[in-house]
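Contents: one structure, followed by commentary.
Residue numbers (my numbering): 3 to 311.
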């Protein structure tokens, strides 16, 4: 049986040898979320207690930001839980997009934190409120730096390993909290030196950091939701297919759904190519792409016959 000129061969999906056990990835992700939430909750509660006693706006904003991270951890956990659904006629790609939607929740929490921290900092400057127990405040801010750096590093390593944009976004949020703590620390040190206004200014600087990371996280999540991919992925897929024996021309598309990079290649082959040969060519393309695109978890091949001259 030959492929008819101008008619698509039914698309074929091949099992890939570089696909990792999804259950193990989910366990890693959930463990990272739970451990991160516990660490941030402990750090945030200690900072909040000191902030309420000292009246530090910068430390209060940092504490609330840490506690907000616990909320984002819950959102991320729900996202991983909701994405477990298998493919069905109603959801042909499964429900992996739930993880990306959870990233929107992370971004929203960041922006709410920015608004609140900025408001409190301006209020501090306008009212000239004093800052007490500065030494305790400095110690709490230092604790915030260490705690957030450890949590951010852990979640970032796991997020990159399992290719989760949502967990990476949450890690950036925790890294941001470390910068927030550093800003609070600088402000409190300046207060200790006699510059009472420095606490409010530090709070505004912290707000700027929050907005910067909020923009980055929002952009990354939006990029995925709009099916954006690195152009190099498309270029690599088309180049590998075009270099494969039997392929005259190739066109590729790709998209992320949660942690899965899906690559689709449409290859033009000679009109006298049999269906069996077309499938064999597709298998060759898939095997080579596994080497060039190790992050690829799904591959679909569709052969199309080149009309005879």
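Glycine residues also receive a C-beta, built at the ideal position from the N, C-alpha and C atoms.
Nearest neighbour of residue i, chosen from the options [CA to CA]
i           : options               : result
residue 205 : 83, 216 and 189       : 189
residue 301 : 120, 81, 94 and 264   : 264
residue 136 : 83, 219, 287 and 193  : 193
residue 221 : 105, 129 and 143      : 105
residue 170 : 69, 219 and 196       : 219
residue 111 : 289, 78, 92 and 129   : 78
residue 99  : 223, 295, 232 and 239 : 223
residue 292 : 123, 239, 250 and 41  : 239
residue 69  : 115, 37 and 55        : 115
residue 72  : 140, 56, 42 and 246   : 42
residue 56  : 287, 66 and 138       : 138
residue 214 : 242, 182 and 277      : 182
residue 242 : 288, 109 and 203      : 288
residue 230 : 210, 32, 253 and 258  : 258
residue 325 : 51, 91, 92 and 107    : One cannot answer for residue 325 here, as it falls past the ends of the chain, which runs 3 to 311.
residue 151 : 178, 278 and 244      : 178
residue 325 : 279, 197, 211 and 92  : Only positions 3 to 311 of the chain appear in this structure, which leaves residue 325 out of reach.
residue 124 : 290, 40 and 210       : 210
residue 198 : 277, 58 and 32        : 58
Residues sharing a beta bridge with residue i, DSSP
i           : result
residue 258 : 263
residue 251 : 270
residue 220 : According to DSSP, residue 220 bridges with nothing at all.
Contact check, residue i vs residue j, beta carbons under 9 Å
i           : j           : result
residue 216 : residue 113 : yes
residue 185 : residue 207 : yes
residue 166 : residue 260 : yes
residue 53  : residue 62  : yes
residue 180 : residue 49  : no
residue 47  : residue 65  : yes
residue 127 : residue 202 : yes
residue 163 : residue 29  : no
residue 109 : residue 212 : no
Beta-carbon contacts of residue i that lie in its chain and below 7 Å, excluding the five residues immediately before and after
i           : result
residue 89  : 95 and 96
residue 10  : In this prediction, residue 10 has a pLDDT of 43, which is less than 50 and means its spatial position is unreliable; what the coordinates show is noted afterwards. Closer than 7 Å at Cβ, skipping near neighbours: 304 and 306.
residue 158 : 170 and 173
residue 51  : none
residue 38  : 75, 153, 156, 157 and 176
residue 244 : 251 and 252
residue 32  : 79 and 82
Cut-off 6 Å between Cβ atoms - residues of its own chain near residue i, not counting five sequence neighbours on either side
i           : result
residue 200 : 189, 192 and 193
residue 266 : 255 and 302
residue 7   : Low confidence applies here, because residue 7 scores a pLDDT of 38, under 50, leaving its location unreliable and the question unanswered by this model.
residue 248 : 271 and 283
residue 12  : With a pLDDT of 49 at residue 12, under the threshold of 50, the predicted position of this residue should be treated as unreliable, and no value is reported.
residue 117 : none
residue 290 : 242
Own chain, CB closer than 8 Å to residue i, minus 5 neighbours either side, in chain order
i           : result
residue 1   : There is simply no residue 1 to check, as the chain begins at 3 and stops at 311 in what is shown.
residue 140 : 187, 190, 191 and 194
Assigned exposure category for residue i - 16 Cβ within 10 Å defines buried
i           : result
residue 146 : buried
residue 284 : buried
residue 299 : buried
residue 294 : exposed
residue 235 : buried
residue 268 : buried
residue 149 : buried
residue 226 : buried
Closer than 8 Å: residue i CB and nearest the ligand FAD heavy atom
i          : result
residue 32 : The ligand FAD is absent from the structure shown, which contains no ligand whatsoever.
Test: residue i CB closer than 9 Å to a CB of chain C
i           : result
residue 149 : Structure shown: chain C not included; a single protein chain is present.
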